[in-house]
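According to our numbering, the stretch in the sequence shown is residues 2 to 411, in order. Contents: one structure, followed by commentary.
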Amino acid sequence: MKFKAYHLMIASSIFFASCSETIDENTEEPEAGPSLPPVEANPANTAYSPAFPNQTRVNGVRTVTPYQTDILTSSLSAPWGITSLPDGRLLITQKGGTMRIVSTTGTLSNPITGIPAVNSGGQGGLLGVCVDPQFESNRMVYWVFSENVSGGNLTAVAKGRLSNAETSIENPVVIYRAGPAANVGTLHYGGRILFDSTGNLLVSSGERSDLSTRPLAQSVSAALGKIVRITKDGQPAPGNPTFSQGGALPELYSIGHRNPQGLAIHPVTGELWQSEHGPRGGDEINRVIGGANYGWPTITYGIEYSGAVIGGGIQQQTGMQQPVYYWDPVISPSGITFYKGSQIPEWQNNLFVASLSGMHIARLVIENNTVVGEERLLGDQNQRFRDITQGRDNALYAITDGGRLYRIRK
């Protein structure tokens, strides 16, 4: 018998409601483990073949350790990014242009203001967020947003100090812009940000979706469709890879991305992993190697939304990296995090993926850089999961487009 509890905590009211669901795992069901069938049963959009075993539709797994899921608040407004503060509370961006702080008991702060204006149309707005490794002494916050500039809009990175009263961002300044600006709509900004072990920032940028900007994912003289590595002041970070093509931007870390909305550092290897939205099929999980080309739009396991092939309709090409894993049909992977805690031992070093159109959290079991099992969590919640992180208490915290903050713990 596995017990999963769902609690709704409303901090602004004395009302407390809870309900629980008990799932009876009877003996007729298969045992948990890699012998389970793949979790995806729907037909693929293409007949493309994977490049190697376990690249897609890997066997299913099931968590056997009892876990509890709490809804800490349902009062967020289109939350997009989440990160932990040193004291365990969660700092969350809201797409419209403000931040909120939420305690692990569900207490929600007033909106944090003072943030430069965002273009919140379409997929834009206030996006990914992280805090300085020395936050306790300098209170610095870094975030990604879609910015209106001359010539259109683009993915930008800014920083500022969280005021002592936690009501505003002080002295905000834009430190980096992923150019060129494009007046092509409000899609594919990418938008995740995190610190690497050297104290520099890794930022994901989308290729802006339009057919005119899509090829720039392959251009080393443009920052669209890239992961860039910059200092806290927005300058190219020391030790960045060198690209052989002429005119390469010095901040580039990897190229050939479509719309990367998840970044995470592997807790053992220290390597960068990434999630990326494909078109119609071809959502990806990548292990990011500095200086590598991840292929978009030259190679892809997806097709156009119209059903037409993309480019030459090829999935492999020399000099371009294969995804570690891909989905067809798509689940729309957004934020990702590796589980580093000890509460649920079977989750150790597993990758958790917030899924938007799939409306679940995907758990990927990875061994030797190969996915060997997949599980879908919280699929009964009917929520578009936008981001996920591990808290200071070793619980997982996930936000949804519908304004919820979930806690998942033993």
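Backbone N, C-alpha and C define an ideal beta-carbon position, used for all residues, glycine too. Everything numeric in this text was worked out from a predicted model, so none of it was measured.
Tryptophan 81 in three-state terms, based on DSSP = strand
Residues near lysine 411 in its chain [Cβ-Cβ closer than 8 Å; skip 5 each side] = Thr66, Pro67, Tyr68, Gln69, Gln344, Ile345
message = Check this for me: beta carbons of threonine 57 and tyrosine 295, under 7 Å apart or not?
response = no
query = In terms of DSSP beta bridges, what is lysine 233 paired with?
reply = Bridge partners of lysine 233: none, in fact.
request  = Taking all protein chains shown into account, decide if alanine 118 is buried (16 or more other Cβ within 10 angstroms of its Cβ) or exposed.
outcome  = exposed
key: C-alpha gap between valine 150 and asparagine 43, whole angstroms   = 42 Å
inquiry  = Using only the alpha-carbon positions, how far apart do glutamate 171 and serine 206 sit?
reply    = 25 Å
key: Per-residue burial, threonine 114 [other beta carbons within 10 Å of its own, 16 or more giving buried]   = exposed
inquiry  = With H, G and I counted as helix, E and B as strand and the rest as coil, what does DSSP make of leucine 406?
reply    = strand
query = Is it true that the stretch 265 to 285 meets the stretch 323 to 340, where meeting means three or more beta-carbon pairs spaced less than 8 Å apart?
reply = yes
ask   = Where does tyrosine 143 land, buried or exposed, given buried means 16+ other C-beta within 10 angstroms?
value = buried
ask   = What residue range is occupied by the uninterrupted beta strand (DSSP E) comprising glutamate 368?
value = 361 to 368
task = Measure how close the beta-carbons of leucine 91 and valine 132 come, nearest whole angstrom, since I'm counting them as under 8 Å.
result = With a Cβ gap of about 11 Å, leucine 91 and valine 132 do not count as contacting.
task = Answer yes or no: do leucine 188 and serine 210 have a C-beta to C-beta separation smaller than 7 Å?
result = yes
ask   = Taking the Cβ atom as the reference point for each residue, do threonine 390 and threonine 84 lie within a distance shorter than 7 Å?
value = yes
task = Determine the DSSP secondary structure at leucine 188, reduced to helix, strand or coil.
result = coil
ask   = Starting from phenylalanine 244 and walking both ways along the beta strand (DSSP E), at which residues does that stretch end?
value = Segment: none, phenylalanine 244 is in no beta strand (DSSP E) and carries neither H nor E.
request  = With a floor of 4 residues, list each alpha helix (DSSP H) that falls wholly inside the stretch 91 to 158, ordered by position along the chain.
outcome  = 136 to 139
ask   = Shortest alpha-carbon distance to serine 121 belongs to which of Val229, Val145, Gly374, Asp394?
value = Val145
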